[in-house]
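Novice:
Number of protein chains: 2
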Amino acid sequence: MRMASKALPPALQRLVENLSMLPGIGEKTATRLALTILRWPQNRAKELGQSIIELHERIKLCSMCFTFSEDDPCSICSDHKRDHSLICIIEDPGDIVAIEKAGVFNGLYHVLHGALSPMDGIGPQELKINELLIRIDNGKKQGTPIKEIIIATSSTAQGEATASYLSDLLTNKGVKVSRIACGIPIGMDIKYADPMTLKQAISARNLL
Amino acid sequence: MRMASKALPPALQRLVENLSMLPGIGEKTATRLALTILRWPQNRAKELGQSIIELHERIKLCSMCFTFSEDDPCSICSDHKRDHSLICIIEDPGDIVAIEKAGVFNGLYHVLHGALSPMDGIGPQELKINELLIRIDNGKKQGTPIKEIIIATSSTAQGEATASYLSDLLTNKGVKVSRIACGIPIGMDIKYADPMTLKQAISARNLL
Numbered sequence: 002m003r004m005a006s007k008a009l010p011p012a013l014q015r016l017v018e019n020l021s022m023l024p025g026i027g028e029k030t031a032t033r034l035a036l037t038i039l040r041w042p043q044n045r046a047k048e049l050g051q052s053i054i055e056l057h058e059r060i061k062l063c064s065m066c067f068t069f070s071e072d073d074p075c076s077i078c079s080d081h082k083r084d085h086s087l088i089c090i091i092e093d094p095g096d097i098v099a100i101e102k103a104g105v106f107n108g109l110y111h112v113l114h115g116a117l118s119p120m121d122g123i124g125p126q127e128l129k130i131n132e133l134l135i136r137i138d139n140g141k142k143q144g145t146p147i148k149e150i151i152i153a154t155s156s157t158a159q160g161e162a163t164a165s166y167l168s169d170l171l172t173n174k175g176v177k178v179s180r181i182a183c184g185i186p187i188g189m190d191i192k193y194a195d196p197m198t199l200k201q202a203i204s205a206r207n208l209l
Numbered sequence: 002m003r004m005a006s007k008a009l010p011p012a013l014q015r016l017v018e019n020l021s022m023l024p025g026i027g028e029k030t031a032t033r034l035a036l037t038i039l040r041w042p043q044n045r046a047k048e049l050g051q052s053i054i055e056l057h058e059r060i061k062l063c064s065m066c067f068t069f070s071e072d073d074p075c076s077i078c079s080d081h082k083r084d085h086s087l088i089c090i091i092e093d094p095g096d097i098v099a100i101e102k103a104g105v106f107n108g109l110y111h112v113l114h115g116a117l118s119p120m121d122g123i124g125p126q127e128l129k130i131n132e133l134l135i136r137i138d139n140g141k142k143q144g145t146p147i148k149e150i151i152i153a154t155s156s157t158a159q160g161e162a163t164a165s166y167l168s169d170l171l172t173n174k175g176v177k178v179s180r181i182a183c184g185i186p187i188g189m190d191i192k193y194a195d196p197m198t199l200k201q202a203i204s205a206r207n208l209l
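Chains as they are written, first to last, in my numbering: chain A, 2 to 209; chain B, 2 to 209.
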């Protein structure tokens, strides 16, 4: 009996295997995507391939906030219209997109590149936490002190542990530290809220 | 207020836009995939990009069966251990993978590259149907006639219309024409079968 793999030409099989390494993409989806790319005009496929190759060549980490950026410092850190005394701590560069879309934050960011997770071997040394302390010290020395830090790590177990660790670490640093609020998402019907969120929303209720 | 798009560096934004063109991948998934690729070792990202670019350069259509192949004729059409008098008609090259996995077919294929769909402007001229007739004629002339054709188009409205069209076209060609069976999938509980499948399964019942 013939091997199933002989049914795909090697160049197609190679792309299917490479695409299968992406999160959430199994062999069937990878095959469907590869066949789609094969049906595209060649220049569109080339543009996709080039943009993947050039990604690593062009994008580095911003030496101030550690987000992904083509320039150093990044466009946000080098923007003098933003409030450089206010810093929002986030887990991933992708979180910046979400916060910028909310349109309510005009300070700078600090990307940890993860959250504390001792089970996965991720301790404070694996995150950009030392770099945060150096950034605070440098701000003081250069006469542009950081006045407030908003901890916007996720409301997962790891995110909360990270927030708690940072909160302890930042006391006595002369910086106001806050944590983003948790509760019912805007527009959500109470009856569909999960119990943990509802518990948090009731505990953190605001007096009117 | 800042534009949200400024939050992503251009090289990342470009990849997100390119990935969003793939079927089933929206902006959020594309962003997640692009950030994953950025966290990969550079050589793995380069390999993915290269494999996309080289796909079009390496893969052509087999001039006999019209599947995607690096060689012409493809590895199946040039395999003398297979039965060259038996041809299975399919809609897409991807269907070959599924049929080869079933391991019960040892003939050759003929890829139509679609199914009849007048609403989408896909008529017989848009499919490799003329090429099938030429292939049958050539087989006769060269003394290696095609004896049986199995129509394995999908059991969708378009696939059935295509099967019916081909069946009419192939009468009086001196070729035995068959259609793959439709019915309850193996291992499926009757109570979960959809009404159309069940209707077909009962109509096409086999005497024991």
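Even glycine gets a Cβ: it sits at the ideal position worked out from N, Cα and C.
How big is the Cα-Cα spacing for residue 198/B and residue 182/B?
Specialist: Walking along the second sequence from the start, residue 198/B turns up at place 197. Walking along the second sequence from the start, residue 182/B turns up at place 181. Going from the Cα of residue 198/B to the Cα of residue 182/B covers about 11 Å.
Novice: Would you say the beta carbon of residue 110/A is closer than 6 Å to some non-hydrogen atom of the ligand SAH?
Specialist: With respect to the ligand SAH, the structure offers nothing, as it holds no ligand at all.
Novice: Are there 16 or more other CB atoms within 10 angstroms of the CB of residue 105/A, so buried, or fewer, so exposed?
Specialist: Residue 105/A sits at position 104 when you count from the first residue of the first sequence. Burial call: exposed.
Novice: Would you decide whether residue 96/A is buried or exposed? Buried here means 16 or more other CB atoms lie within 10 Å of its CB.
Specialist: For the purposes of this step, residue 96/A is taken as residue 95 along the first sequence, with counting starting at 1. It is buried - the Cβ of residue 96/A has at least 16 other Cβ atoms within 10 Å.
Novice: Where are the alpha helix (DSSP H) runs, 4 residues long or more, that stay fully inside the stretch 80-164 of chain B, in chain order?
Specialist: As far as the stretch 80-164 of chain B is concerned, its whole alpha helix (DSSP H) runs of at least 4 residues are 95-103, 130-142.
Novice: Taking only the alpha-carbon atoms, compute the straight-line gap between residue 133/A and residue 91/A and give it to the nearest angstrom.
Specialist: As a first step, residue 133/A is located in the first sequence; it is residue number 132 there, counting from the start. As a first step, residue 91/A is located in the first sequence; it is residue number 90 there, counting from the start. Taking the straight line from one Cα to the other gives about 12 Å.
Novice: In chain order, what residues of the same chain lie with their CB nearer than 8 Å to the CB of residue 103/A, ignoring the 5 residues before and after it?
Specialist: On the first sequence, residue 103/A is found 102 positions in, with the first residue counted as 1. Correct list: empty, nothing qualifies.
Novice: Can you list, in chain order, the residues of its chain with a C-beta nearer than 7 Å to that of residue 20/A? Leave out the 5 residues immediately preceding and following it.
Specialist: Locating residue 20/A in the first sequence gives position 19, counting from the first residue. Result list for residue 20/A: 26, 31, 34, 35, in chain order.
Novice: Check whether the stretch 9-19 of chain B touches the stretch 176-195 of chain A, taking contact to mean three or more Cβ pairs, one atom from each stretch, closer than 8 Å.
Specialist: Output reads no: the stretch 176-195 of chain A does not touch the stretch 9-19 of chain B.
Novice: At the 7 Å Cβ level, is residue 47/A part of the contact set with chain B, yes or no?
Specialist: As a working mapping, residue 47/A is identified with position 46 in the first sequence. True, the Cβ-Cβ gap to chain B drops below 7 Å.
Novice: Between residue 232/B and residue 108/B, is the Cβ-Cβ spacing less than 7 Å?
Specialist: Here chain B comprises residues numbered 2 to 209, so residue 232/B is not present and cannot be evaluated.
Novice: How would you list, in chain order, the residues of chain B whose beta-carbon sits under 8 Å from the beta-carbon of residue 186/A?
Specialist: For the purposes of this step, residue 186/A is identified with residue 185 of the first sequence, where counting begins at 1. What residue 186/A touches in chain B: nothing, since even the nearest Cβ is about 16 Å away.
Novice: Residue 176/B bridges to which residues according to DSSP?
Specialist: As a first step, residue 176/B is located in the second sequence; it is residue number 175 there, counting from the start. Its beta-bridge partners do not exist; DSSP assigns none.
Novice: Measuring alpha carbon to alpha carbon, tell me which of 131/A, 170/A, 157/A ends up nearest residue 66/A.
Specialist: Taking the first sequence and counting its residues from 1, the one referred to as residue 66/A is at position 65. Ranking the options by Cα distance to residue 66/A, first place goes to 131/A.
Novice: Does residue 76/B come out as helix, strand or coil in the three-state DSSP assignment?
Specialist: Residue numbering aside, residue 76/B sits at position 75 when the second sequence is read from its first letter. Residue state, collapsed to three classes: coil.
Novice: Ends of the alpha helix (DSSP H) at residue 16/B?
Specialist: Start at 1 with the first residue of the second sequence, and residue 16/B comes out as number 15. It spans 11-20 - the alpha helix (DSSP H) in which residue 16/B sits, taken as one unbroken run.
Novice: Run through DSSP, which three-state label would residue 70/A get?
Specialist: Counting from 1 along the first sequence, the entry for residue 70/A is found at position 69. In this structure, residue 70/A counts as strand in the three-state DSSP scheme.
Novice: Rounded to whole angstroms, what is the Cα-Cα separation between residue 17/A and residue 39/B?
Specialist: Numbered from 1 along the first sequence, position 16 holds the residue referred to as residue 17/A. Numbered from 1 along the second sequence, position 38 holds the residue referred to as residue 39/B. If you take the alpha carbons of residue 17/A and residue 39/B, they lie about 19 Å apart.
Novice: Using DSSP with H/G/I as helix, E/B as strand and the rest coil, what is residue 23/A?
Specialist: Your numbering for residue 23/A matches position 22 in the first sequence. Residue 23/A: coil per DSSP, three-state reduction.
Novice: Does the separation of the CB atoms of residue 149/B and residue 177/B fall below 7 Å?
Specialist: On the second sequence, residue 149/B is found 148 positions in, with the first residue counted as 1. On the second sequence, residue 177/B is found 176 positions in, with the first residue counted as 1. Yes, the Cβ-Cβ distance between residue 149/B and residue 177/B is below 7 Å.
Novice: Quick check on residue 46/A: buried or exposed, where buried means 16 or more other Cβ atoms within 10 Å of its Cβ?
Specialist: Mapped onto the first sequence, residue 46/A falls at position 45. It counts as buried.
Novice: If you follow the alpha helix (DSSP H) that residue 197/B is part of, which residue opens it and which one closes it?
Specialist: Locating residue 197/B in the second sequence gives position 196, where the first residue counts as 1. That run of the alpha helix (DSSP H) goes 196-204.
Novice: Who are the neighbours of residue 1/A on chain B, taking C-beta pairs under 9 Å?
Specialist: What the structure shows of chain A is the stretch from 2 to 209, and residue 1/A is not part of that stretch, so it cannot be assessed.
Novice: Between residue 205/A and residue 154/A, is the Cβ-Cβ spacing less than 7 Å?
Specialist: As a working note, residue 205/A is residue 204 in the first sequence. As a working note, residue 154/A is residue 153 in the first sequence. Their beta carbons are not under 7 Å apart, which means residue 205/A does not touch residue 154/A by this criterion.
Novice: Quick one: does residue 199/B have its CB under 7 Å from some CB of chain A?
Specialist: As a position in the second sequence, residue 199/B is number 198, starting the count at 1. Judged by the 7 Å Cβ criterion, residue 199/B is not in contact with chain A.
Novice: Counting only the same chain and skipping the five closest in sequence on each side, list residues whose C-beta sits under 6 Å from that of residue 156/B.
Specialist: Position 155 of the second sequence holds residue 156/B. For residue 156/B, where only same-chain residues beyond five positions count, the Cβ hits under 6 Å are 183.
Novice: Report the rounded CA-to-CA distance for residue 145/A versus residue 99/A, giving the unit in angstroms.
Specialist: On the first sequence, position 144 is the one that residue 145/A refers to. On the first sequence, position 98 is the one that residue 99/A refers to. Rounded to whole angstroms, residue 145/A to residue 99/A spans 27 Å at the Cα level.
Novice: For residue 147/A versus residue 140/A, is the C-beta spacing smaller than 7 Å?
Specialist: Counted from its first residue, the first sequence places residue 147/A at position 146. Counted from its first residue, the first sequence places residue 140/A at position 139. Taking 7 Å as the Cβ cut-off, residue 147/A and residue 140/A qualify as a contacting pair.
Novice: When you compare the CB of residue 71/A with every CB in chain B, is at least one pair closer than 7 Å?
Specialist: Your numbering for residue 71/A matches position 70 in the first sequence. So, interface residue.
Novice: Let's test the definition: count the other Cβ atoms within 10 Å of the Cβ of residue 70/B and tell me whether it reaches 16, buried, or not, exposed.
Specialist: In the second sequence, the residue the question calls residue 70/B occupies position 69. By the 10 Å Cβ count, residue 70/B comes out buried.
Novice: Go through its chain and collect everything with a Cβ distance to residue 3/A's Cβ below 6 Å, but skip five positions before and after it.
Specialist: Locating residue 3/A in the first sequence gives position 2, counting from the first residue. Note that residue 3/A has pLDDT 35, beneath the 50 cutoff, so the model's placement of it is unreliable and the number below is only indicative. Hits under 6 Å: none found.
Novice: Are there 16 or more other CB atoms within 10 angstroms of the CB of residue 179/A, so buried, or fewer, so exposed?
Specialist: Counting from one through the first sequence, the residue named residue 179/A turns up at place 178. It counts as exposed.
Novice: Quick one: is residue 195/B buried, meaning 16 or more other Cβ sit within 10 Å of its Cβ, or exposed?
Specialist: Position 194 of the second sequence holds residue 195/B. With fewer than 16 Cβ atoms within 10 Å of its Cβ, residue 195/B is classed as exposed.
Novice: Closer than 8 Å by C-beta to residue 128/B: which residues in its own chain qualify, once you throw out the five before and the five after it? Chain order, please.
Specialist: Taking the second sequence and counting its residues from 1, one reaches residue 128/B at position 127. Only 113, 114, 115, 116, 117, 163 meet the Cβ criterion.
Novice: Exposed or buried, which one is residue 193/B when buried takes at least 16 other CB atoms within 10 Å?
Specialist: Counting from one through the second sequence, the residue named residue 193/B turns up at place 192. When all chains shown are included, residue 193/B counts as exposed.
Novice: How many Å lie between residue 44/B and residue 14/A at the Cα?
Specialist: In the second sequence, counting from the first residue as 1, residue 44/B sits at position 43. In the first sequence, counting from the first residue as 1, residue 14/A sits at position 13. C-alpha separation (whole angstroms): 18 Å.
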